[in-house]
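*Asks:* This is the structure, below, for whatever I ask next.
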Amino acid sequence: MASHRSAVLTDQPYTDPNPLPSSVPHVDELGVTSAPLKSASFFIGQHCKDVNEDFMLCKQENRDPAHCLKEGRKVTRCAAELITKMRESCLVEFDAHWQCLEKNNQYFQACRKPEKTLNQCVFTKLNLSKTIPGSPEGQPQIHEKKSPIFTRVQK
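Note that the sequence shown covers residues 1 to 155 in the UniProt record's numbering.
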């Protein structure tokens, strides 16, 4: 027999009862969902490479989560800065690409056309290019192929 609990429905945002110590600098959250974050992911990786590597080295030297909070805040701040720059410089292209990802179950292969325009805009205005880590040297990246094997609809 299940015990009865009354439903608790609040319209107030959740506030953490245990705030971080004052030694940890405050940084706002990114404020984006998974689709815009995935759309900007390769550019975040390139733009924030040094900060990300510092964070990963910190995590390797000490497994205590509190040890790397400052480095984690720097990573968040760097990603937020890039997303703000992308919104200021390439808003139409960025919105088109992440909305396409949202509609197509977040598959990159279904959104190559808006991805191409976003990549061109980010390259010209922010001087960042999309490169996929671990892809074969000397061969075109999958998003730059003229006639890819995989299309949206398999025959």
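Backbone N, C-alpha and C define an ideal beta-carbon position, used for all residues, glycine too.
For the segment 87-107 and the segment 54-71, state whether three or more C-beta atom pairs, one from each stretch, are separated by less than 8 Å.
*Replies:* Too few Cβ pairs lie closer than 8 Å, so no.
*Asks:* Please classify THR124: does DSSP put it in a helix, a strand, or coil?
*Replies:* Locating residue 124 in the sequence shown gives position 124, counting from the first residue. DSSP places THR124 in helix when its eight states are reduced to three.
*Asks:* Measure the alpha-carbon distance for GLN139 versus HIS26 and round it to whole angstroms.
*Replies:* Within the sequence shown, numbered from 1, the residue matching residue 139 stands at position 139. Within the sequence shown, numbered from 1, the residue matching residue 26 stands at position 26. So the two alpha carbons sit approximately 43 Å from each other.
*Asks:* Please classify GLU83: is it buried, with 16 or more other beta-carbons within 10 angstroms of its beta-carbon, or exposed?
*Replies:* Translated into the one-based positions of the sequence shown, residue 83 becomes position 83. Correcting the residue identity first, residue 83 is Ile in this sequence and not Glu. Under this definition ILE83 is a buried residue.
*Asks:* Beta-carbon within less than 6 Å of LYS130's beta-carbon, same chain only, minus the 5 sequence neighbours each way: which residues are those?
*Replies:* Translated into positions along the sequence shown, residue 130 becomes position 130. Hits under 6 Å: PHE42 and ASN119.
*Asks:* Return yes when the Cβ of ASP28 is within less than 9 Å of the Cβ of ALA80, no when it is not.
*Replies:* What you label residue 80 is simply residue 80 of the sequence shown in a count that begins at 1. What you label residue 28 is simply residue 28 of the sequence shown in a count that begins at 1. Yes, the Cβ-Cβ distance between ALA80 and ASP28 is below 9 Å.
*Asks:* What are the boundary residues of the alpha helix (DSSP H) that includes ASN52?
*Replies:* As a working mapping, residue 52 is identified with position 52 in the sequence shown. Residues 49-61.
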